Amino acid sequence: MKTYVSKNFSPAKAWDALDIANFGGTSVRLHWTNQPYKWHINDGEEVFVVLNGAVEMHYRDAGEVKKVLLNTGDIFYASIGTEHVAHPQGEARVLVIEKEGSV
Numbered sequence: 001m002k003t004y005v006s007k008n009f010s011p012a013k014a015w016d017a018l019d020i021a022n023f024g025g026t027s028v029r030l031h032w033t034n035q036p037y038k039w040h041i042n043d044g045e046e047v048f049v050v051l052n053g054a055v056e057m058h059y060r061d062a063g064e065v066k067k068v069l070l071n072t073g074d075i076f077y078a079s080i081g082t083e084h085v086a087h088p089q090g091e092a093r094v095l096v097i098e099k100e101g102s103v
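So in full-length UniProt numbering the end of the sequence shown lands on 103, straight run, no missing numbers.
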């Protein structure tokens, strides 16, 4: 048993992560960031949960870039093949659940 206080996680650089669990190849990781990530497509599905802060998620739908603002408690689900990039609005901590080793 272990408890994680996400607001206390402050690594050295953006997108560093704390590994929380692995369920047969599915990783659960806590990330801290204050910088955008990069456009990418995961090796499977992804669940992206904003734990604190706000993140503007950009994604492509039928070739068109769309955006959604995610606030604390909001969840973004990237289905297989969804190209996306997270843009934090200041500092943000997020929980990411995805296939281990995915981009």
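Heads up, the beta-carbon is just placed ideally off N, CA and C, and yes, glycines get one too. Keep in mind the model is a prediction, meaning the values are calculated, not measured.
Uninterrupted beta strand (DSSP E) stretches at least 3 residues long and entirely within the segment 5-36 occur at 17-23, 26-33, given in chain order.
Every unbroken stretch of the beta strand (DSSP E) spanning 3 or more residues and falling wholly within the UniProt domain "Cupin type-2" (38-97) is given here in chain order: 46-52, 54-61, 64-71, 75-78, 84-88.
In this model, His87 and Met1 are separated by some 32 angstroms (Cα to Cα). With 16 or more other CB atoms across the displayed protein chains lying within 10 angstroms of its CB, Phe48 is buried.
A straight-line Cα-Cα distance of about 38 angstroms links Tyr4 and Gly63. By a beta-carbon distance limit of 8 angstroms, Ile41 contacts Thr82. Their separation comes to about 7 angstroms.
A straight-line Cα-Cα distance of about 24 angstroms links Gly44 and Ala54. Assignment of Lys99 by DSSP, reduced to helix, strand and coil, places it in the strand class.
By the Cβ neighbour-count rule, Phe76 is buried, with 16 or more other Cβ atoms within 10 Å of its own.
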